[in-house]
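What follows is a set of notes on a single structure, which appears directly below.
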Amino acid sequence: MEVRMSDEEGVRRSIVEATVEHYSLLAETQEVNAKVASASGNALSCVRRLNDSLGRLQTLSQEMIRVGKQWRREKQIALGTVSQHQKLLAFLEAPAVLEDCIRNEMYHEALMVLEHINRSAQTMATVALFRRVEMEARCNLERALSEIVLPRLAEQLTVASAVKVTTFFRRLGVGEGQVRQLFLWKRAEYVDGLLREAEESGVPYSRIFRYVTAFKVHVTETILQYAACFSPTIENGSCSELAAWCHERAYVFLEGFRASLEKITNGSELASVIEECNSCCATTTLLQMDVSGLINESLISRARALFAEQIVLAMQSYSASMLAFSWRPSNGLQCASSQKRVETAPSSSNGIMSPPLSLVQWLPLAYALNGVLTAFNTIRKCVVPGVELFCAAKLEGLLQTIAKDLSRDKDLLMAMEGGEKQFYLLFVEAFVNDFYPHVLTCMRELLGEDAQRLLINGVRESIESLRSLLFMESSTTQSGAPQQQMTDAAGTPADIQGERITPNVVGA
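If you're matching positions, the sequence shown starts at 1 in the UniProt record's numbering and goes up one per residue.
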């Protein structure tokens, strides 16, 4: 053990001695090691930087490759764009072309343009230009539909244009029911606008003609257009839609027509209205939209009203004249009156003097006949079925009133032996033999034999009662009164013209 320790100590002494002896070399070695360590660190740092540079270089190289590919692709696109310049310009103008086609009713061409835009946009969905053109085309289409196509349905429209528009809506994908509703809605706007324009006319006659024209022409046009554009099927309710539309238009038309018809006071105007309405009813009946019953009801009502107004005026004129009429002739002309009656009777029977002219000397009868002939003149061109019985009833009322007035004074005047009795009998004779037959003649010429027969049956008892007076008087005595006396007693007015009460007035 001691030997080993002595050996270690010997080695240690040897190392120390060697270190002391070679200390300078050791110091130099340490310096060299420090330099080597520093150089190694620098080399490692350079290696790391070199690796980083190589990595960035590789990244940039890959980026350059990608950019190169993109540049080549864009170059190809640019070259293709240059070669397809005209086609691109045409594609960019496609939305404007679409609107122009719709404006000019070139609906098939518009659909082709729209299909081309959609197909191109689908194949180039990633290109913003194509997407923008597609959106612009859709906006133009919507604007054209709202500003051009739909307003076109609300204006004057031909059957061909209506078929084009409805077909265009169908090819755009609009449902059949919606197309029907759009069509009827816009046509209703058009017809209602025409009816409102007719209301602005200040003259009832012109207003009625505009009403009838709007209904006859444009409503029937709409029905024909609807029949051409849509198949009349009942399953989807298309017939009921059209029927409801027609009923609404007919209601508006009849409301305005009746209001204006009430303001017609001229028989000639009413006759023209009746003629126009007959044409309208014939047209609408052919289209299975018969409004003749409602129109004729209004026309009959107005013709009756015009006739009744004139009969009322005739009754008023007769009553006013009868109140001032005296049965007592002038004493100085009593004998002349009897002679005149005998002389004029053959003249009247031979037709030298027409009955209306012979009635001018009897002022109440002249006023009454003048009113009756005026009533006949008022409706002579507008006699429609349903007026005859009404007119016969009105005339019966007038004749019954006159007969009642004559019968009321019968007992008193027949008891007298003076000129009053003869004057009364001549008045009765003028009424029975002149006034009444002439009214019957006019009645037959204007209203027909049935109306005449009805009037005869209605006043038969009253007329026969008055005729019996004449028969009894002619069988008991031969007396007469001078017609000049009647003229002076009745007082012929200057405003009663013979032309107004001649048969030619009614027969004209």
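Heads up, the beta-carbon is just placed ideally off N, CA and C, and yes, glycines get one too.
Does DSSP put His22 in a helix, a strand or coil? Taken through DSSP and simplified to helix, strand or coil, His22 comes out as coil.
Grouping DSSP H, G and I as helix and E and B as strand, with all else coil, what is Asn278? helix
Between the region 217-231 and the region 196-203, do three or more beta carbon pairs fall short of 8 Å? no
Out of curiosity, what's the CA-to-CA distance linking Gly68 and Gln122? 28 Å
Per the contact definition of three or more C-beta pairs closer than 8 Å, is the region 439-448 in contact with the region 381-393? yes
Using 7 Å as the threshold, is the C-beta distance between Glu134 and Ile117 below it? Yes, the pair counts as a contact, with Cβ atoms nearer than the cut-off.
Using the C-alpha atoms, what's the distance from Met64 back to Ala27? 55 Å
Alpha carbon of Asn278 to alpha carbon of Arg302, nearest angstrom: 15 Å
Please report how far the alpha carbon of Ser462 lies from the alpha carbon of Asn266, in whole angstroms. Their backbone Cα atoms lie some 33 Å apart in a straight line.
Any 3 or more C-beta pairs closer than 8 Å across the region 249-257 and the region 307-321: no
Tell me whether Val174 sits in a helix, a strand or coil according to DSSP, three-state version. coil
Residue ranges of each beta strand (DSSP E) within the region 90-136, 3 or longer: Fully contained in the region 90-136 is no beta strand (DSSP E) run of length 3 or more.
Per-residue burial, Cys239 [other beta carbons within 10 Å of its own, 16 or more giving buried]: exposed
Given 8 Å, three or more beta-carbon pairs between the region 162-169 and the region 97-110: yes
Ala96 versus Phe215: straight-line alpha-carbon distance, rounded: 39 Å
Cα-Cα separation, Val360 to Gly193: Here the C-alpha atom of Val360 lies approximately 54 Å from the C-alpha atom of Gly193.
Between the C-alpha atoms of Val47 and Glu17, what's the straight-line distance to the nearest angstrom? 43 Å
Leu182: which of Met5, Ser206, Arg171 and Pro151 sits nearest, CA to CA? Nearest option by C-alpha distance: Pro151.
Report the residue from Trp245, Val212 and Ala227 whose alpha carbon sits nearest the alpha carbon of Ile274. Val212
Which residue's Cα is closest to the Cα of Ala243: Ser326, Val36 and Val291? Val291
Is it the case that the Cβ atoms of Gln310 and Thr401 are separated by a distance below 7 Å? no
Tell me which residue opens and which closes the alpha helix (DSSP H) that Gly202 is part of. Per DSSP, Gly202 belongs to no alpha helix (DSSP H) and is neither H nor E.
Ignore the nearest five residues each way along the sequence and tell me which others in Val127's own chain have a CB closer than 8 Å to its CB. none
Give the secondary structure of Asn266 by DSSP, where H, G and I count as helix, E and B as strand, and everything else as coil. coil
Between the Cα of Ser298 and the Cα atoms of Glu31, His22 and Leu254, which residue gives the shortest distance? Leu254
Thinking C-alpha only, which one of Lys404, Gly173 and Arg12 is nearest Glu115? Gly173
Looking at the structure shown, is Leu254 part of a helix, part of a strand, or coil, going by DSSP? helix
Taking the straight line between their C-alpha atoms, what separation do you get for Ala188 and Ser206? 22 Å
Sequence-distant residues of the same chain with beta carbon closer than 6 Å to Glu429, five excluded per side: Leu470
In whole angstroms, give me the CA-to-CA distance for Gly458 and Pro385. 20 Å
Alpha carbon of Val229 to alpha carbon of Cys101, nearest angstrom: With the sequence shown as reference, residue 229 is identified as Cys, and Val is not the correct amino acid for it. Distance between the alpha carbons of Cys229 and Cys101 is about 21 Å.
Suppose the cutoff is 8 Å on Cβ atoms and the five residues either side in sequence are ignored; what does the same chain contact list for Ala94 look like? Excluding residues within five positions, the ones whose Cβ falls inside 8 Å are Val113, His116, Ile117, Val133 and Ala137.
Does the Cβ-Cβ distance between Trp327 and Glu420 come in under 7 Å? yes
Alpha carbon to alpha carbon, what distance is there between Asn51 and Leu57? 10 Å
Which of helix, strand or coil does DSSP assign to Ala392? helix
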